[in-house]
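Residue numbers (the working numbering): 5 to 386.
The beta-carbon is built from N, C-alpha and C at its ideal position, and this holds for glycine as well.
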Amino acid sequence: MDFYRNKNTWKLVLFVFALLIGAGTLWYTESFLQELREEEEDSVEIWAQAFRLIAADAATGDLSLYAKILEGNNTIPIIITDGDGNVITYNNLDSAKALRPGYVKSLIPRMAEENEPIVIEFGSGQKNIAYYQESILLTQLRIYPWVLLGVIGLFVGIAYLAFSSARRTEQERVWSGMAKETAHQIGTPLSSMLGWIELLRAQGADETALTEMGKDVNRLETITARFSKIGSIPELKNEDISDVLTESTDYLRARTSNKIDIDLQIPEDEFIVPINRQLFSWVIENLIRNAIDAIDGQGSIKLELTEAGKYVRIDVTDTGKGLTRNQYRAIFRPGYTTKQRGWGLGLSLARRIVEDYHSGRIYVVRSELGQGTTFRILIPTV
């Protein structure tokens, strides 16, 4: 299975798996807490029974056993009141706060809401009421799984970001290394070709053919220069971006089928922006080539240059096959391609050039299957 093509599916599977682990943890913890809660309720019942027996045997009985039972409750917060709601005694409350007037009594409504009070009836008709709440230990155990899951989630998130960053950096180094090596390998035969052209010119060869050959060699030199700049910080110069668009569209229009119309719409005003001319023209040519590949036989490509606040906006719209919404971001990942023999590098490099080198943005604005796609580039103005 291709991991990158099914990245969203893998994310969904892992997310569901994480949900199952979290739900299982919470279910087990809640079952365990329910058992502890029942034990605490039994303890309170014993506490209340001890209180009843102490009161009944106060005149003649041995109170030591019941007193030990009372003292043995050192975890469950409990308040005993008489039938009129007056506090008789309490246990396991915050000793400092309990000294405040009215504090102990203010806890009774909340305790009554959490657990049903236990009525202690005496033979004389007198009754007391025991109010209680779950112990601090039980409260901490209730919070514990959430804290644990939060810590695990935080760790997994940090690890994911770290590994993703490392993988992305490694990929960029690989692509940069390939680009630089390609430029180096092409450079040597290009120098020889320039020499051979001059030699043929000196020998009186056909000047028209030599001129066209020279143009192609110059084009290869431009491509080599572009590759050599990948991975290093390029120099930006203030350029009229209209000229760059015109140059790129004219070059590809002359090499494209007449069935595909390439229309460039630029305003009369200059748009001066800091760009690297060679790299930015590469981005435009790459988008136009992708649009040409997406068009099946006959169609049109429109490039529109407009001003958008502090940016210049370039929209490249084609009437090609279109993209699904899931592909809007995926097509910019290194190695992702919809072509049978594509490398999946063009849009990845275009994004790096626009966003990393020119502090701009490139993204898919809209697309519809069978209708076409619109890419948008935003470049900060001077």
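message: So GLY364 and ASN290 are supposed to be a Cβ contact under 8 Å. How far apart are they, rounded?
response: Within the sequence shown, the letter at position 360 stands for residue 364. Within the sequence shown, the letter at position 286 stands for residue 290. A Cβ-Cβ separation of about 15 Å leaves GLY364 out of contact with ASN290 under the 8 Å criterion.
field: Buried versus exposed, by CB contacts within 10 Å (16 or more), GLY376
entry: Position 372 of the sequence shown holds residue 376. Classified as buried, GLY376 has 16 or more neighbouring CB atoms from the shown chains inside 10 Å of its CB.
message: By alpha-carbon positions, which one of ASN280, LEU249, HIS362 and GLY301 ends up nearest to VAL320?
response: Position 316 of the sequence shown holds residue 320. For the residues ASN280, LEU249, HIS362 and GLY301, the minimum Cα distance to VAL320 belongs to LEU249.
C-alpha gap between SER47 and ALA170, whole angstroms: Here the question's residue 47 lines up with position 43 in the sequence shown. Here the question's residue 170 lines up with position 166 in the sequence shown. Using only the alpha carbons, I get a separation of about 56 Å.
- request: Go to GLU120, then tell me how far its beta strand (DSSP E) extends in each direction, as first and last residue.
  value: Residue 120 sits at position 116 when you count from the first residue of the sequence shown. Counting along the chain, GLU120 falls outside any beta strand (DSSP E), and DSSP gives it neither H nor E.
field: As assigned by DSSP and simplified to three states, the class of ALA134
entry: Walking along the sequence shown from the start, residue 134 turns up at place 130. Note: ALA134 maps to strand in three-state DSSP.
- prompt: Does DSSP put PRO193 in a helix, a strand or coil?
  reply: Counting from 1 along the sequence shown, the entry for residue 193 is found at position 189. PRO193: helix per DSSP, three-state reduction.
field: Segment limits, alpha helix (DSSP H) that includes ASN294
entry: Taking the first residue of the sequence shown as position 1, residue 294 is located at position 290. Per DSSP, ASN294 belongs to the alpha helix (DSSP H) from 281-298.
query: By Cβ distance below 7 Å, which residues in the same chain neighbour SER246 in space, the five residues on each side in sequence not counted?
result: Taking the sequence shown and counting its residues from 1, one reaches residue 246 at position 242. Spatial neighbours of SER246 in its own chain (CB-CB distance under 7 Å, excluding positions within 5 residues in sequence) are listed in chain order as ILE270, GLU274, PHE275 and LEU309.
- prompt: Apart from the five residues on each side of it in sequence, which residues of its chain come closer than 6 Å, Cβ to Cβ, to LYS15?
  reply: Within the sequence shown, the letter at position 11 stands for residue 15. In its own chain, leaving out the 5 sequence neighbours on each side, no residue places its CB closer than 6 Å to the CB of LYS15.
field: Sequence-distant residues of its chain with Cβ nearer than 6 Å to GLU243 (five each side left out)
entry: Translated into the one-based positions of the sequence shown, residue 243 becomes position 239. In the same chain as GLU243, and ignoring 5 residues on each side of it, the C-beta atoms closer than 6 Å to its own belong to ILE279 and ARG281, in chain order.
message: What residue range does the beta strand (DSSP E) around SER252 cover?
response: Counting from 1 along the sequence shown, the entry for residue 252 is found at position 248. Element bounds for SER252: not the beta strand (DSSP E) but the alpha helix (DSSP H), 245-257.
Inter-residue Cα distance where the pair is VAL221 and LEU198: In the sequence shown, residue 221 corresponds to position 217, counting from 1. In the sequence shown, residue 198 corresponds to position 194, counting from 1. Distance from the CA atom of VAL221 to the CA atom of LEU198, rounded to whole angstroms, is 7 Å.
- request: Along the alpha helix (DSSP H) that carries SER261, what are the first and last residues, could you check?
  value: Here residue 261 refers to the residue found at position 257 of the sequence shown. First-last for SER261: undefined, no H or E at that position.
- request: Let me know if TRP286 comes out buried or exposed under the rule of 16 or more other beta-carbons within 10 Å of its beta-carbon.
  value: Sequence index remark: in the sequence shown, residue 286 carries index 282 (1-based). Its Cβ being crowded by 16 or more others within 10 Å, TRP286 is buried.
task: Could you check if GLU117 is buried or exposed, using at least 16 other CB atoms within 10 Å of its CB as the buried criterion?
output: Here residue 117 is taken as the residue at index 113 of the sequence shown, counted from 1. Burial call: exposed.
- prompt: From this set, ASP322, GLU44 and TRP31, which residue's C-alpha is nearest TYR135's C-alpha?
  reply: Position 131 of the sequence shown, counting from 1, holds the residue named residue 135. Nearest C-alpha to TYR135: GLU44.
- prompt: Roughly how many angstroms lie between the CA atoms of ALA183 and LYS233, to the nearest whole one?
  reply: Translated into positions along the sequence shown, residue 183 becomes position 179. Translated into positions along the sequence shown, residue 233 becomes position 229. Going by the C-alpha atoms only, they are around 9 Å apart.
- prompt: Can you name the start and end residues of the beta strand (DSSP E) that ILE318 belongs to?
  reply: Taking the first residue of the sequence shown as position 1, residue 318 is located at position 314. Per DSSP, ILE318 is one residue of the beta strand (DSSP E) stretching across 315-322.
query: From the DSSP output, which residues share a beta bridge with ASN90?
result: Taking the sequence shown and counting its residues from 1, one reaches residue 90 at position 86. Answer is none; ASN90 lacks a bridge partner.
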